[in-house]
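Chemist:
Residue numbers (this note's numbering): 63 to 770.
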């Protein structure tokens, strides 16, 4: 199926009177938390899929574990807070907070069991290729050496903490791995309990031979006699605590947002426990001690048969074993941004003046495109001002370094550093202070809103006038994630877009009450309304026989208003394709409701992060890209920017991206009317087969001007 071709008339059985649907009053809607768990199950499938190289499968096991950690820290924590506050309000799917928690647990338990089983299989297969994760008993010849290593390198950083009438239950930090140890005094027979934190400052996988590793906690467990001299070690079991890590900032009451967030970061360490992971072999008595000490309920406890905290597998995922890895990918340089003289950098401004440029990461180099744009702006004496939003950036960000250089040279540099970017707050505070020290104007964000838009404005003196150059993207200004996240960016000097982005920055930094824009759609000032209006327009085109057609590529679709509009479009016969990487609360394929809607998800080598919006518009096609997903938080509580793409050549590139993903039969999943995701390859009709990532890499090589 092609992505953006005209469709026929309404499907058989479509019933519609004016714009009112004929279906049950309750809107079909999937719980967002349960849909997210379905997404993580698709991630886990990449670890199960034996067609993937072994170390790539290990990486996906680590990604699954990391994803689940964040899910509990934020999403489960939020649902528990609703329940604790006495909230009985039901979400659009009809579930109360308590029912949602029960449904989450029922879904998570088999997933973590499969996760453990998959790791056991991958571990065996890795051993067959000379990469071993061994237990203490498997290396008896190394015991003396490992004991001395324990004494020299591990013992000094351990602190056993007893729990008894004189020692209250210790504070246990978020995501920390610990040993629960039971000992007995051989003279009195008295039993004691202590907790030992597995130190995160040391590698979790200790190298004990060539590509041979032992878990740090095993080395600690086998040398407990050194920590408890004179005591009899009765038992030891691993456990791990997950806490509420979502910030709760009363911005209206905060005189200084930066100080308020710093204080909240300190409080984050003491958030409520939302999950307790334990080894399945842990006896009930020890589990009861932990439940009382951590003030959690049995429903918060997850017992695992395998290794706790498989995020440790990130430590081996990049081992230099080509036969167990995917072939390396080096992003290419777009032809328009490739210098004719290899000793002279390309003039990005001149290239943009020749016409709009669409960059597609990680297929095309971030360093040779967006980063080069910022660096040239910083050093160009004709550049007067640089304005940029920063949501998440890398720890050694060359983007920020360029902005600092520009400020030091006297250019006007304005940076909106979003301090509320979850889990990046501390890094963003550091960059904000460094920029301020260099003389940049730093804005920390807006009360009640997160600034999530990916926008940059460069003002340059040219002749007797000024020209504005703009970058509007779908991804963060982060050089590291740009190598693994699929994102798009538009580089342009179109006057209307330049004026719109200027107005947007004036809103972000000043007292502007700008609420309307010329070309771009901006949340929270009309993005939802703009999308819904375009959906309604497709309904009108369909009714007039012009064939309505909608394709949206998103990370998530949750917003009830947008979903209702898409249901109305389907009931009118509009053909709708949704490419949704993660959460999808819309239910496709329901008779009389969503028969003409198809939902796909593509999961694989790179993380699909770009947003593309296509509306056929009666033949006057519209393509747009931007930072926003169709979620209430994005549309109501974030500043987002979506820009049209007008250049016919660039539109064809976007069309190709959508077409490839809709034909994918290697990495794609289709969502059924029953709410179940199924691999598209089971029903493929394409004999050649299409892998989105392989296809787009090949496309990049065909059109490249040179390697990155």
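Cβ coordinates follow ideal geometry from the N, Cα and C atoms, glycine included.
With 16 as the cutoff for other CB atoms within 10 Å, does residue 263 come out buried or exposed?
Modeler: The residue labelled residue 263 in the question sits at position 201 within the chain shown. By the neighbour-count criterion, in which a residue is buried when 16 or more other Cβ atoms sit within 10 angstroms of its Cβ, residue 263 is exposed.
Chemist: Quick one: complete alpha helix (DSSP H) runs, 4+ long, within the stretch 383-418?
Modeler: 410-415
Chemist: Compare the beta carbon distance of residue 611 and residue 717 with 8 angstroms and say whether it is the shorter of the two.
Modeler: Counting from one through the chain shown, the residue named residue 611 turns up at place 549. Counting from one through the chain shown, the residue named residue 717 turns up at place 655. Their beta carbons are not under 8 angstroms apart, which means residue 611 does not touch residue 717 by this criterion.
Chemist: If you run the structure through DSSP and keep just helix, strand and coil, what is residue 368?
Modeler: The residue given as residue 368 occupies position 306 in the chain shown. Look at residue 368 here: in three-state DSSP terms it is coil, with no helix or strand label.
Chemist: Look at residue 248 and residue 294 and say whether their C-beta atoms are less than 8 angstroms apart.
Modeler: Numbered from its first residue, the chain shown carries residue 248 at position 186. Numbered from its first residue, the chain shown carries residue 294 at position 232. For residue 248 and residue 294, yes; Cβs fall inside 8 angstroms.
Chemist: Any chance the stretch 630-646 sits against the stretch 702-714, with 3 or more Cβ pairs inside 8 angstroms?
Modeler: no
Chemist: Which same chain residues end up closer than 6 angstroms to residue 219 when comparing Cβ atoms and leaving out the 5 residues on each side of it in sequence?
Modeler: Here the question's residue 219 lines up with position 157 in the chain shown. Hits under 6 angstroms: 261.
Chemist: Is the Cβ-Cβ distance between residue 489 and residue 506 less than 8 angstroms?
Modeler: As a working mapping, residue 489 is identified with position 427 in the chain shown. As a working mapping, residue 506 is identified with position 444 in the chain shown. No, the Cβ-Cβ distance between residue 489 and residue 506 is not below 8 angstroms.
Chemist: Taking the alpha helix (DSSP H) that residue 128 belongs to, which residues open and close that run?
Modeler: The sequence position of residue 128 within the chain shown is 66, counting from 1. Residues 116-132.
Chemist: Hey, how far is the Cα of residue 447 from the Cα of residue 713?
Modeler: Your numbering for residue 447 matches position 385 in the chain shown. Your numbering for residue 713 matches position 651 in the chain shown. Rounded to the nearest whole angstrom, the C-alpha separation of residue 447 and residue 713 is 30 angstroms.
Chemist: For residue 476, report the span of its alpha helix (DSSP H) as first-last.
Modeler: Here residue 476 refers to the residue found at position 414 of the chain shown. Element bounds for residue 476: not the alpha helix (DSSP H) but the beta strand (DSSP E), 474-479.
Chemist: Within 10 angstroms of the Cβ of residue 120, are there 16 or more other Cβ atoms? Answer buried if so, exposed if not.
Modeler: Taking the chain shown and counting its residues from 1, one reaches residue 120 at position 58. Flag for residue 120 reads buried.
Chemist: In terms of alpha-carbon separation, which member of 515, 674, 560, 258 lies closest to residue 548?
Modeler: If you number the chain shown from 1, residue 548 lands on position 486. Comparing Cα-Cα distances from residue 548 to each of 515, 674, 560, 258, the minimum goes to 674.
Chemist: Sort out for me which residues DSSP pairs residue 637 with in a bridge.
Modeler: Here residue 637 refers to the residue found at position 575 of the chain shown. According to DSSP, residue 637 bridges with 611.
Chemist: Which parts of the stretch 179-220 are runs of the alpha helix (DSSP H), unbroken and 4 residues or longer, counting only runs that do not cross its ends?
Modeler: 205-211
Chemist: What separation, rounded to the nearest whole angstrom, lies between the Cα atoms of residue 472 and residue 503?
Modeler: Counting from 1 along the chain shown, the entry for residue 472 is found at position 410. Counting from 1 along the chain shown, the entry for residue 503 is found at position 441. Each residue's alpha carbon lies about 12 angstroms from the other.
Chemist: Spatial neighbours of residue 694 within its chain, please: C-beta separation below 6 angstroms, excluding the five flanking residues on both sides.
Modeler: Taking the chain shown and counting its residues from 1, the one referred to as residue 694 is at position 632. So the qualifying residues of the chain are 621.
Chemist: Please look up how many angstroms separate the CB atoms of residue 532 and residue 518, rounded, as I've assumed it's under 8 angstroms.
Modeler: Your numbering for residue 532 matches position 470 in the chain shown. Your numbering for residue 518 matches position 456 in the chain shown. About 7 angstroms; that satisfies the 8 angstroms criterion.
Chemist: Once the 5 residues before and after residue 110 are set aside, which same chain residues still bring their CB inside 6 angstroms of it?
Modeler: Along the chain shown, read from residue 1 onward, the residue named residue 110 stands at position 48. Around residue 110: 180.
Chemist: From residue 300 to residue 373, what does the alpha carbon distance come to, in whole angstroms?
Modeler: Mapped onto the chain shown, residue 300 falls at position 238. Mapped onto the chain shown, residue 373 falls at position 311. Taking the straight line from one Cα to the other gives about 15 angstroms.
Chemist: From this set, 430, 698, 339, which residue's C-alpha is nearest residue 400's C-alpha?
Modeler: Stepping through the chain shown from its first residue, residue 400 is reached at position 338. Ranking 430, 698, 339 by Cα distance to residue 400 puts 430 first.
Chemist: Can you tell me the Cα-Cα spacing of residue 437 and residue 462, whole angstroms?
Modeler: If you number the chain shown from 1, residue 437 lands on position 375. If you number the chain shown from 1, residue 462 lands on position 400. The straight-line gap from Cα to Cα measures roughly 10 angstroms.
Chemist: Rounded to whole angstroms, what is the Cα-Cα separation between residue 139 and residue 308?
Modeler: As a working mapping, residue 139 is identified with position 77 in the chain shown. As a working mapping, residue 308 is identified with position 246 in the chain shown. Taking the straight line from one Cα to the other gives about 8 angstroms.
Chemist: Could you tell me which of 515, 557, 619 sits nearest to residue 661, measuring between CA atoms?
Modeler: In the chain shown, residue 661 corresponds to position 599, counting from 1. Of the candidates 515, 557, 619, the one whose C-alpha sits nearest the C-alpha of residue 661 is 619.
Chemist: Using the rule of at least 16 other Cβ atoms within 10 Å of the residue's Cβ for burial, across every protein chain shown, is residue 384 buried or exposed?
Modeler: Along the chain shown, read from residue 1 onward, the residue named residue 384 stands at position 322. Exposed, by the Cβ-count rule.
Chemist: When you compare only the Cα positions, how much space is there between residue 71 and residue 627?
Modeler: For the purposes of this step, residue 71 is taken as residue 9 along the chain shown, with counting starting at 1. For the purposes of this step, residue 627 is taken as residue 565 along the chain shown, with counting starting at 1. Confidence in residue 71 is poor, its pLDDT being 38 and thus under 50, which makes the residue's placement too unreliable to answer from.
Chemist: Roughly how many angstroms separate the alpha carbons of residue 743 and residue 408, rounded to a whole number?
Modeler: Start at 1 with the first residue of the chain shown, and residue 743 comes out as number 681. Start at 1 with the first residue of the chain shown, and residue 408 comes out as number 346. The straight-line gap from Cα to Cα measures roughly 43 angstroms.
Chemist: Tell me residue 295's beta-bridge partners as DSSP assigns them.
Modeler: Within the chain shown, numbered from 1, the residue matching residue 295 stands at position 233. Bridge partners of residue 295: 245.
Chemist: For residue 357, count neighbouring C-beta atoms within 10 Å of its own C-beta (all shown protein chains included) and say buried if the count is 16 or more, exposed if not.
Modeler: Sequence index remark: in the chain shown, residue 357 carries index 295 (1-based). Exposed, by the Cβ-count rule.
Chemist: Label residue 216 either buried or exposed according to how many other C-beta atoms from any shown protein chain fall within 10 Å of its C-beta, with 16 as the threshold for buried.
Modeler: Here residue 216 corresponds to residue number 154 of the chain shown, with the count starting at 1. So residue 216 counts as buried.
Chemist: Can you tell me whether residue 84 is buried or exposed, with buried defined as 16 or more other CB within 10 angstroms of its CB?
Modeler: The residue given as residue 84 occupies position 22 in the chain shown. For residue 84, the predicted structure reports a pLDDT of 35, less than 50, and the residue's modelled location is therefore unreliable. A value from the coordinates is still provided. Label assigned to residue 84: exposed.
Chemist: Quick one: what does DSSP say residue 269 is sitting in, helix, strand or coil?
Modeler: For the purposes of this step, residue 269 is taken as residue 207 along the chain shown, with counting starting at 1. Residue state, collapsed to three classes: strand.
Chemist: So is residue 617 buried or exposed if we call it buried at 16+ other beta carbons inside 10 Å?
Modeler: The residue labelled residue 617 in the question sits at position 555 within the chain shown. Buried.
Chemist: On the DSSP letters alone, give me the boundaries of the beta strand (DSSP E) that residue 449 sits inside.
Modeler: Looking up residue 449 in the chain shown gives position 387. Per DSSP, the continuous beta strand (DSSP E) segment holding residue 449 begins and ends at 445-452.
Chemist: Just list the residues that DSSP pairs residue 258 with in beta bridges.
Modeler: Along the chain shown, read from residue 1 onward, the residue named residue 258 stands at position 196. Beta-bridge pairing links residue 258 to 241.
Chemist: Would you kindly report the start and end of the unbroken beta strand (DSSP E) that includes residue 518?
Modeler: Numbered from 1 along the chain shown, position 456 holds the residue referred to as residue 518. That run of the beta strand (DSSP E) goes 516-524.
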